[in-house]
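Here the sequence shown stands for residues 375 to 931, where the numbers follow this note's numbering.
Let me begin by presenting the structure, written as structure tokens, before commenting on it.
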Amino acid sequence: MGVTALVEDLKAANEDFEFYPTTSEMLAAVRTDMLEIYDTGCDETKYPRCSVLDIGAGTGSALEALTVGKKFAIEKSQRLIKEMDKGIYVVGSDFESNTLIDKSANVIFSNPPYSLFTQWAEKIILEANAEYIYLVIPQRWKNSDVISDAIKARKAISNVIYSGDFLEADRRARAKVDIVKIDLKSGRKSYRHYDDNNMSVDPFSLWFSKHFKVSTHETKQEEFQRKASMAERMKEQVSHSNELIKNEGLVKTLELLYHREMKQIMDTYLMLNRVDADLLKELNVSIENVQEGLKNKIASLKNLYWQELFDNMGVILDKLTTNSRQQMLEELFNQTSVDFNAQNAYSIIIWAIKNANSYFDDQLIDLFDTMTGHANITLYRSNERTFGKEEWRYSRTPDGLDRYKLDLRIVVSKVGGIKVDTWGRSPACGLESRCLNFLNDIITVASNLGYDISKVERPDSLHWASNVKHEFFYHNHTTGKQELLFDCRAFQNGNVHLRFAQSFICDLNIENGRLRGWIKNGYEAADELDISPEIALPAFTKNLQITDKSVPLLLAS
Numbered sequence: 375m376g377v378t379a380l381v382e383d384l385k386a387a388n389e390d391f392e393f394y395p396t397t398s399e400m401l402a403a404v405r406t407d408m409l410e411i412y413d414t415g416c417d418e419t420k421y422p423r424c425s426v427l428d429i430g431a432g433t434g435s436a437l438e439a440l441t442v443g444k445k446f447a448i449e450k451s452q453r454l455i456k457e458m459d460k461g462i463y464v465v466g467s468d469f470e471s472n473t474l475i476d477k478s479a480n481v482i483f484s485n486p487p488y489s490l491f492t493q494w495a496e497k498i499i500l501e502a503n504a505e506y507i508y509l510v511i512p513q514r515w516k517n518s519d520v521i522s523d524a525i526k527a528r529k530a531i532s533n534v535i536y537s538g539d540f541l542e543a544d545r546r547a548r549a550k551v552d553i554v555k556i557d558l559k560s561g562r563k564s565y566r567h568y569d570d571n572n573m574s575v576d577p578f579s580l581w582f583s584k585h586f587k588v589s590t591h592e593t594k595q596e597e598f599q600r601k602a603s604m605a606e607r608m609k610e611q612v613s614h615s616n617e618l619i620k621n622e623g624l625v626k627t628l629e630l631l632y633h634r635e636m637k638q639i640m641d642t643y644l645m646l647n648r649v650d651a652d653l654l655k656e657l658n659v660s661i662e663n664v665q666e667g668l669k670n671k672i673a674s675l676k677n678l679y680w681q682e683l684f685d686n687m688g689v690i691l692d693k694l695t696t697n698s699r700q701q702m703l704e705e706l707f708n709q710t711s712v713d714f715n716a717q718n719a720y721s722i723i724i725w726a727i728k729n730a731n732s733y734f735d736d737q738l739i740d741l742f743d744t745m746t747g748h749a750n751i752t753l754y755r756s757n758e759r760t761f762g763k764e765e766w767r768y769s770r771t772p773d774g775l776d777r778y779k780l781d782l783r784i785v786v787s788k789v790g791g792i793k794v795d796t797w798g799r800s801p802a803c804g805l806e807s808r809c810l811n812f813l814n815d816i817i818t819v820a821s822n823l824g825y826d827i828s829k830v831e832r833p834d835s836l837h838w839a840s841n842v843k844h845e846f847f848y849h850n851h852t853t854g855k856q857e858l859l860f861d862c863r864a865f866q867n868g869n870v871h872l873r874f875a876q877s878f879i880c881d882l883n884i885e886n887g888r889l890r891g892w893i894k895n896g897y898e899a900a901d902e903l904d905i906s907p908e909i910a911l912p913a914f915t916k917n918l919q920i921t922d923k924s925v926p927l928l929l930a931s
């Protein structure tokens, strides 16, 4: 979508927070300067590979232009967030209600609203947990004592790397701007490596000294007990808030409870301001320990509330296979350092939806590949290639293999089977864990293809023995009956024999072909796979895709 149309959308949604995209010329100037500090990782595109946080990121276009490294964004407009690439991590929404001290990146970039540029610049400079800052701000910044004082407080060095205007920009403006580079390392160069930030002044220490004019160090056991107590208290509060959740939604309820607990923590620490300084010295109270204690409590509280949110995202996570779920949870927990509030929660849920849809497609292809074997496939009608047995040796898929379907009956040899150790013992259910994951992944993909598996017995609830068949059923809402989805026999040699329902294997073959670009429509699927159009047409684009409306957590936003 073009900038003009996007601006009209933003105005209609009352989300035009002075959205003026940075010009390509400005971004090139920043990127060129960054290349003097950070290398490209042998990338021929000549983009630095450092991590960048863009504050007021818009659609994320600046991030795409500045780095091939990790990309983080703070953006208030939900409309613009939806335009971002799925590789951009949204770590905050309303900049003014977020802190930056817990958001680490090599570089912070911002093209702030010019009506608020002084406030934004001051906050970014004082709180930035980064090595360098690049600000696109009006040239009158030089006359601001507020910005000057912030730079001095961080013992930083500033210089202008570009001067220009927005007269030829996609959205024009008359403002004359500088791109101001602020070096927070102040002489401590990174020399093109990517170790932890080595700033002249730690932003948390600066923030702490500003708010506190004065918990001593705790043992590991005390830390464990404190976190357990916090978790228990949070769970109890959530369980007693059912009526509030019903009226306001889970996200806003969690936000209310989080702010209530955060206020209690802050009020407790602020009470130290009332204690006589000489008395604190006599008691040997360490300001460093007090600071570290507060930092740990804030981090623990954030983590608890993000964990509770993720625990309630089953509508997304339950649709992921084993590996996909692990990858998404890792990505989600990488974002738990951000402030917990409703806007940030909604932004992360939007990110999860966007990425989940990619996972749903990728995991279907991965499952298909896992089950691909010499005796398991039939080539498409138009595919005249042949592959000899020698090309399938060592469980290897032949180079150039494409346009094929899985058969109704298959044997899979690389997912484990019956598990028996050297003493003849086996786990409770009898299957290797990777075989359990494989069978559960089949059930998950079937669910995403529209099969009701809500009452299916899970593989780990059964007792498995070599060459003993187990059947897995789905509920057919047309017939009102339980019908076979697939049956399975596992063996001690690691093989697993599967027989699928005709409808399921057709759906799987069609969607795999569509996602890989082997078939373009339902009629082509019918011809290539030798099935009727009545079967192929409904199956085309059948794999699950979710939207905002699929996630009840977003409905109360």
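Built from N, CA and C at the ideal position, the CB exists for glycine as well.
Opposing strand residues paired with residue i [DSSP bridges]
i      : result
Tyr733 : Partner(s): none; Tyr733 has no beta bridge.
Leu780 : Ile751
Phe446 : Leu427 and Tyr463
Phe491 : Paired residue(s): none; Phe491 is not in a bridge.
Cys862 : His844 and Leu872
Val551 : Pro512 and Gly538
Val374 : This structure does not reach residue 374, given that the chain is present from 375 up to 931, and the question cannot be answered.
Leu805 : Ile792
His849 : Asp826 and Gln856
Asp557 : Tyr506 and Ile531
Val481 : Val426 and Tyr506
Own chain residues within Cβ distance below 7 Å of residue i, not counting five before or after
i      : result
Phe578 : Ile475 and Lys669
Asn731 : Gln919 and Ile920
Buried or exposed by the 16-neighbour rule on C-beta atoms within 10 Å, applied to residue i
i      : result
Met645 : exposed
Thr441 : buried
Arg888 : buried
Phe812 : buried
Leu741 : buried
Thr397 : buried
Thr852 : exposed
Ala913 : buried
Ala749 : exposed
Ala891 : Residue identity check: residue 891 is Gly in the sequence provided, not Ala. So Gly891 ends up on the exposed side.
Asp428 : buried
Val520 : exposed
Ile722 : buried
Thr590 : Low local confidence applies: a pLDDT of 47 at Thr590 is under 50, so the model's placement there is unreliable, with the coordinate-based value given in what follows. Result: exposed.
Asn883 : buried
Ala403 : buried
Ile739 : exposed
Ser489 : exposed
Glu758 : exposed
Glu806 : buried
Ser756 : exposed
Sequence-distant residues of the same chain with beta carbon closer than 8 Å to residue i, five excluded per side
i      : result
Trp797 : Note that Trp797 scores 49 on pLDDT, short of 50, meaning its location in the model is unreliable; the coordinates nonetheless yield the value given after this. Cβ neighbours of Trp797 beyond the five flanking positions: none.
Leu653 : none
Tyr897 : Pro907, Ala910 and Leu911
Val426 : Leu437, Leu440, Thr441, Gly443, Lys444, Lys445, Phe446, Ala479, Asn480, Val481, Ile482 and Phe483
Phe865 : Gly791, Ile792, Ser840, Asn841 and His871
Thr473 : Glu501, Trp581 and Asp713
His567 : Its pLDDT being 46, under 50, His567 is placed unreliably in this model, and the value from its coordinates should be taken loosely. Closer than 8 Å at Cβ, skipping near neighbours: no residue.
Ala719 : Val625, Leu628, Glu629, Leu683 and Leu927
Gln856 : Lys829, Phe847, Tyr848, His849 and Asn850
Val785 : Gly747, Ala749, Asn750, Asn869, Val870, His871 and Leu872
Contact belief for residue i with residue j at Cβ below 8 Å, rounded distance in angstroms
i      : j      : result
Ile792 : Ser840 : 5 Å
Ala820 : Tyr848 : 7 Å
Ile482 : Ala504 : 5 Å
Val554 : Ser532 : 6 Å
Val870 : Val789 : 6 Å
Ser674 : Gln737 : With a Cβ gap of about 33 Å, Ser674 and Gln737 do not count as contacting.
Ser471 : Asn715 : 6 Å
Val925 : Ile727 : 6 Å
Leu558 : Tyr508 : Wrong, their Cβ atoms sit about 12 Å apart, outside the cutoff.
Tyr421 : Arg405 : 7 Å
Leu679 : Tyr632 : Correcting the residue identity first, residue 679 is Tyr in this sequence and not Leu. Yes, they are in contact, since the Cβ atoms of Tyr679 and Tyr632 sit about 5 Å apart, within 8 Å.
Chain D within 9 Å of residue i, Cβ atoms only
i      : result
Lys559 : Among the protein chains of the structure shown there is no chain D, as only one such chain exists.
6 Å Cβ shell around residue i - same chain, five flanking residues per side excluded
i      : result
Gln513 : Lys550 and Asp552
Leu454 : Gly432 and Thr433
Thr915 : none
Arg863 : Asn841, Lys843 and His871
Met408 : Pro422
Secondary structure, alpha helix (DSSP H): runs of 4+ residues fully inside the stretch 626-690 = Annotation: the stretch 626-690 contains the following complete segments of the alpha helix (DSSP H) (minimum length 4 residues), in chain order: 651-656 and 661-685.
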